[in-house]
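Protein chains in written order, with the working numbering: chain S, 24 to 241; chain R, 10 to 138.
Virtual Cβ for every residue (Gly too), placed ideally from N, Cα, C.
Read the structure below first, then the notes.
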């Protein structure tokens with residue numbers, strides 16, 4: 024059984040216009056694979072196809088069709104709904120639920136069978152790891168871009184994903200914060216031993232020893 | 010009171026708000042391992058609460074203020090605050106008429122107070138730290 028994430032794209036695009044064709048690669052556990060390419064090439068759509076959210080994010084636009092397969096630790100996932108895949112997604116805009124506090128956002132990702140005491144402890148640990156221990160009851164709108172990015176990643180990690188997809192998570196951070204958060208992101212992925220795919224336009228975002236895949240228009 | 014609110018509540022007021030909700034929140038919810046139904050119950054609907062209650066309060070206020078639609082649609086069979094206020098006005102009972110006029114102000118005010126109170130989405134999330 025092959026471990027890690029294996030993605031095979033036969034075709035990704037609309038009925039008439041393919042965005043990506045004949046693409047296949049694997050990401051071992053704890054490694055970060057970087058996807059780069061021009062705008063509109065289909066990078067975010069590819070992440071949507073892997074996560075199973077392609078039809079949701081493309082809402083209102085021409086529907087995109089994914090033909091291919093996604094395997095995680097030997098298990099085929101592309102036939103399963105998004106919530107059963109165990110693939111976490113961190114988007115360009117750190118989308119925190121605006122009606123929940125920071126602690127509630129983090130707790131939202133946890134299994135509903137987790138006891139209240141354990142949930143509180145995990146939230147506390149996550150806030151500590153994100154270096155935001157005093158922000159528990161803060162409203163997401165009170166956080167800076169970097170703080171939101173860290174909470175969004177911690178929330179994705181608290182769901183205990185088996186793989187992580189990062190869609191330009193550093194793009195809205197200022198330079199001083201960017202390097203710090205980038206290293207923190209990669210350290211979390213390595214420590215947890217999960218495969219991750221990072222979409223970025225900036226070569227500086229590429230992790231050390233990361234495999235880089237350059238996407239071009241089909 | 011419920012009659013007034015339900016009578017005039019227009020789903021058209023809510024449709025645009027419902028359709029405008031950010032689909033990326035759904036994608037994030039699902040990738041956190043939550044079922045689509047939980048997205049509706051814990052994210053989408055709580056975020057719509059304010060719009061829902063505001064629409065209800067406006068519909069209630071409009072309903073209370075409308076005499077002819079109440080009369081025509083109810084065909085005179087339903088007694089409402091509005092029909093009673095008009096009836097008292099024509100009967101010349103000033104005291105009672107004033108009371109109904111005050112009621113016509115107070116009831117919509119109460120509806121808006123309810124909307125402000127219940128429209129806070131945070132109330133859905135009891136049980137989380």
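C-beta atoms of residue i and residue j nearer than 8 Å
{"i": "residue 181 of chain S", "j": "residue 129 of chain S", "result": "yes"}
{"i": "residue 228 of chain S", "j": "residue 205 of chain S", "result": "yes"}
{"i": "residue 27 of chain R", "j": "residue 39 of chain R", "result": "no"}
{"i": "residue 189 of chain S", "j": "residue 220 of chain S", "result": "yes"}
{"i": "residue 109 of chain S", "j": "residue 216 of chain S", "result": "no"}
{"i": "residue 153 of chain S", "j": "residue 173 of chain S", "result": "yes"}
{"i": "residue 118 of chain S", "j": "residue 34 of chain R", "result": "yes"}
{"i": "residue 3 of chain S", "j": "residue 41 of chain R", "result": "No information on residue 3 of chain S is available, as it lies outside the stretch 24 to 241 that chain S covers here."}
{"i": "residue 70 of chain S", "j": "residue 222 of chain S", "result": "yes"}
{"i": "residue 55 of chain S", "j": "residue 164 of chain S", "result": "no"}
{"i": "residue 68 of chain S", "j": "residue 112 of chain S", "result": "no"}
{"i": "residue 3 of chain S", "j": "residue 115 of chain S", "result": "Here chain S covers residues 24 to 241 and nothing more, so residue 3 of chain S does not appear."}
8 Å contact criterion, which residue i and residue j should meet: CB distance rounded
{"i": "residue 80 of chain R", "j": "residue 92 of chain R", "result": "6 Å"}
{"i": "residue 87 of chain S", "j": "residue 37 of chain S", "result": "6 Å"}
{"i": "residue 79 of chain S", "j": "residue 55 of chain R", "result": "About 19 Å separates the two Cβ atoms, so there is no contact after all."}
{"i": "residue 59 of chain R", "j": "residue 128 of chain R", "result": "4 Å"}
{"i": "residue 26 of chain S", "j": "residue 51 of chain S", "result": "7 Å"}
{"i": "residue 185 of chain S", "j": "residue 96 of chain S", "result": "7 Å"}
{"i": "residue 113 of chain R", "j": "residue 90 of chain R", "result": "6 Å"}
{"i": "residue 159 of chain S", "j": "residue 125 of chain S", "result": "6 Å"}
{"i": "residue 66 of chain R", "j": "residue 121 of chain R", "result": "5 Å"}
{"i": "residue 187 of chain S", "j": "residue 169 of chain S", "result": "The Cβ separation is near 19 Å, so there is no contact."}
First and last residue of the uninterrupted alpha helix (DSSP H) at residue i
{"i": "residue 111 of chain R", "result": "103 to 127"}
{"i": "residue 208 of chain S", "result": "198 to 215"}
{"i": "residue 46 of chain R", "result": "45 to 48"}
{"i": "residue 125 of chain S", "result": "125 to 131"}
{"i": "residue 71 of chain S", "result": "66 to 74"}
{"i": "residue 135 of chain S", "result": "Careful: residue 135 of chain S lies outside any alpha helix (DSSP H) and carries neither H nor E."}
{"i": "residue 229 of chain S", "result": "Premise fails: residue 229 of chain S is in no alpha helix (DSSP H) and is neither H nor E."}
{"i": "residue 69 of chain R", "result": "54 to 74"}
{"i": "residue 33 of chain R", "result": "32 to 40"}
{"i": "residue 97 of chain R", "result": "90 to 100"}
Own chain residues within Cβ distance below 8 Å of residue i, not counting five before or after
{"i": "residue 33 of chain S", "result": "44, 45, 90 and 91"}
{"i": "residue 226 of chain S", "result": "59"}
{"i": "residue 37 of chain R", "result": "none"}
Limits of the beta strand (DSSP E) - the one that residue i falls within
{"i": "residue 237 of chain S", "result": "234 to 237"}
{"i": "residue 183 of chain S", "result": "No beta strand (DSSP E) holds residue 183 of chain S; DSSP gives it neither H nor E."}
{"i": "residue 94 of chain S", "result": "88 to 95"}
{"i": "residue 219 of chain S", "result": "219 to 222"}
Residue i - partner residues in DSSP beta bridges
{"i": "residue 41 of chain S", "result": "S:36"}
{"i": "residue 190 of chain S", "result": "S:222"}
{"i": "residue 55 of chain S", "result": "S:219"}
{"i": "residue 106 of chain S", "result": "The partner list for residue 106 of chain S (beta bridge, DSSP) is empty, contrary to what the question assumes."}
{"i": "residue 240 of chain S", "result": "Its beta-bridge partners do not exist; DSSP assigns none."}
{"i": "residue 98 of chain S", "result": "S:95"}
{"i": "residue 166 of chain S", "result": "Its beta-bridge partners do not exist; DSSP assigns none."}
{"i": "residue 47 of chain S", "result": "S:31"}
{"i": "residue 112 of chain S", "result": "S:188"}
7 Å Cβ shell around residue i - same chain, five flanking residues per side excluded
{"i": "residue 16 of chain R", "result": "Reliability fails at residue 16 of chain R, whose pLDDT of 49 lies under 50, so the model's placement of it is uncertain and no value is given."}
{"i": "residue 239 of chain S", "result": "60 and 64"}
{"i": "residue 53 of chain R", "result": "30"}
{"i": "residue 143 of chain S", "result": "none"}
Contacts of residue i in chain B (Cβ-Cβ under 9 Å)
{"i": "residue 178 of chain S", "result": "In the structure shown, chain B cannot be found, because the protein chains are S and R."}
Contacting residues, own chain, Cβ-Cβ under 6 Å from residue i (five flanking each side not counted)
{"i": "residue 125 of chain R", "result": "none"}
{"i": "residue 97 of chain R", "result": "105, 106 and 109"}
{"i": "residue 116 of chain R", "result": "73"}
{"i": "residue 101 of chain S", "result": "92 and 93"}
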